[in-house]
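Visitor:
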Amino acid sequence: MHTAIIKRIGVDRAGRWAVTASDDKTARLWDLQTGRQERVLRLPVGPGDEGRLYAAALSPDGTVVALGGFTGNKQVGTSIYLLDRASGRLLQRLPGLPNVVNHLAFSADGRRLAAAIGSGGGVQVFERGAGGRWQLLAADALDLQSYSVAFAADGRLLATTMSDP
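For what it's worth, our numbering labels the leading residue of the sequence shown as 1038, then goes sequentially.
Below you can see the structure in the form of structure tokens.
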């Protein structure tokens, strides 16, 4: 069980798995068929807010867990972490984001991942390329804080909520 507020829940398309992200600096993977916690996922942590998780998403097929939040510092920037759901193994880290990651969403086909980023970060979209590696596809040029992102079912549109300048 988490020991602090849960900030986000992600579920796969089949409703088999869930991931929760918390201020307690952990993410937890749940088997929704049994209600059992399968594993605790821990990212690098530091003093204060560093390591608090605000964003969690599961790929539609349930194989990839994406996590973000206060996952970095001013010297290295913030990162999104992509982990294998079955083993908890780190697949890839997407570094250099300008601020905290508030929300993450996969497209329905699982090929894209959108990130809502805190003050001055706007939205960034990553795409899974050849060999399964993720790379930056697009970033907005707005100097705003984004709070949430969602793909349309067909993947052609991306909606976001942002602060008003």
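Glycine is no exception: its CB is placed at the ideal position from the N, C-alpha and C atoms. Keep in mind it's a predicted model, so treat the numbers as computed, not measured.
Judging by CA-CA distance, which residue of GLU1164, ASP1049, GLY1083 is the nearest neighbour of LYS1062?
Guide: Counting from one through the sequence shown, the residue named residue 1062 turns up at place 25. Closest by alpha carbon: GLY1083.
Visitor: Hey, quick one: how far does the beta strand (DSSP E) through PHE1107 stretch, first residue to last?
Guide: Position 70 of the sequence shown holds residue 1107. Here PHE1107 belongs to no beta strand (DSSP E), and DSSP marks it neither H nor E.
Visitor: Quick one: what's THR1115 bridged to in DSSP?
Guide: Taking the first residue of the sequence shown as 1, we reach residue 1115 at position 78. Answer by DSSP bridge pairing, in chain order: GLY1109, LEU1134.
Visitor: Locate the beta strand (DSSP E) running through MET1199, then write down its first and last residues.
Guide: The count along the sequence shown starts at 1 and reaches residue 1199 at position 162. Unbroken beta strand (DSSP E) run through MET1199: 1195-1199.
Visitor: When DSSP builds the beta bridges, which residues end up paired with HIS1039?
Guide: Your numbering for residue 1039 matches position 2 in the sequence shown. HIS1039 is not bridged to any residue.
Visitor: Could you work out which residue in GLU1164, TYR1184, ALA1175, GLY1047 is closest to PRO1097 when comparing CA atoms only?
Guide: Position 60 of the sequence shown holds residue 1097. Of the candidates GLU1164, TYR1184, ALA1175, GLY1047, the one whose C-alpha sits nearest the C-alpha of PRO1097 is GLY1047.
Visitor: Can you tell me whether ARG1126 is buried or exposed? The criterion is at least 16 other CB atoms within 10 Å of its CB, across all chains shown.
Guide: Against the sequence shown, residue 1126 aligns to sequence position 89. With fewer than 16 Cβ atoms within 10 Å of its Cβ, ARG1126 is classed as exposed.
Visitor: Could you please give me the residues that DSSP links to GLY1159 through a beta bridge?
Guide: As a first step, residue 1159 is located in the sequence shown; it is residue number 122 there, counting from the start. Paired residues: ILE1154.
Visitor: Can you tell me which residues form a DSSP beta bridge with LEU1173?
Guide: Here residue 1173 corresponds to residue number 136 of the sequence shown, with the count starting at 1. PHE1163, per the DSSP bridge assignment.
Visitor: With 16 other CB atoms within 10 Å as the buried threshold, where does LYS1044 fall?
Guide: Against the sequence shown, residue 1044 aligns to sequence position 7. Classification of LYS1044: buried, given that the 10 Å Cβ count is 16 or more.
Visitor: From the DSSP output, which residues share a beta bridge with GLY1049?
Guide: In the sequence shown, residue 1049 corresponds to position 12, counting from 1. Checking the displayed sequence, the identity of residue 1049 turns out to be Asp instead of Gly. Looking at the DSSP assignment, ASP1049 forms no beta bridge with any residue, so it has no partner.
Visitor: Cutting at 6 Å between CB atoms, please list the residues of its own chain near GLY1158, excluding the five before and the five after it.
Guide: Here residue 1158 is taken as the residue at index 121 of the sequence shown, counted from 1. The residues are PRO1135, ASN1136.
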